[in-house]
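Numbering (the working numbering), first residue to last: 23 to 241.
What follows is a short report on a single structure.
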Ligand code: 5RP
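Listed below in structure tokens is the structure:
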């Protein structure tokens, strides 16, 4: 099975978490795009849908959903999103698509966070995938120097502006033995809007697609 087929079956498996009357948050990325394609099949169960990016909002709208603002609804019953890396502790790196801040807000607002991945993303330790940081533009060079002090190699994602009008630094080679501590440390640097480490708000459920189907971790 190729990687895209695995993304599709992971997305399919997440549909069973959607129950009658739920307010559902939708993430961003190619795995979630499969979910958005499938979502009309359970549309009658969804009370409201909230999106983590302009890109997902556009796709949801095209599929007939009216997308609610987070400010207009209560907390989410469920948030479904992909990831760039995940561990068996449910810690994640996210933000490959640059939507990490809104994704983090929706994950934080959700009672349950279901993360859908193919098996290439399950890792023993986070950090092979460069860590995305959303930063306010005037602080970018300062934050890059801080990351070098932490032994990372920050690369500015050129020609990319987030939905919030900010920049992304992709930080390579960070030692991520303690993701909780790393997330806290980076969060304390002024000008960092958010870090793509999802450790303090980890996933509750991981749906991992491999050649044999989809396996579930957590609940
Ligand atoms: C976007 C994300 C995505 O969840 C992550 O990049 C995975 O993307 P894909 O499903 O395309 O592999 O965090 O900001």
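We treat Cβ as the ideally placed atom computed from N, Cα and C, and that holds for glycine.
Boundaries for residue 133: no alpha helix (DSSP H) harbours it, while the beta strand (DSSP E) harbouring it runs 132-140, taken from the DSSP string.
According to DSSP, residue 98 shares a beta bridge with 132. Remark: the C-beta of residue 130 is outside contact range of the ligand 5RP, defined as less than 6 Å to any heavy atom.
Contact between the stretch 224-235 and the stretch 174-193 is not established, with fewer than three Cβ pairs separated by less than 8 Å. Taken from the Cβ of residue 42, every heavy atom of the ligand 5RP lies 6 Å or farther away. With a cut-off of 6 Å, the C-beta of residue 108 is classified as distant from the ligand 5RP, since no heavy atom of the ligand falls inside that distance. Remark: the shortest separation between the CB of residue 52 and any heavy atom of the ligand 5RP falls under 6 Å.
Per DSSP, the unbroken alpha helix (DSSP H) holding residue 201 starts and ends at 201-209.
Residue 235 is bridged by DSSP to 232.
Of the candidates 231, 202, 240 and 225, the residue whose Cα lies closest to the Cα of residue 128 is 225. Note: residue 156 is bridge-paired with 190 and 216 in the DSSP secondary-structure output.
The shortest CA-to-CA distance from residue 54 to any of 177, 79 and 222 is the one to 79. Taking the Cβ of residue 104 as the reference point, at least one heavy atom of the ligand 5RP falls within a distance shorter than 6 Å.
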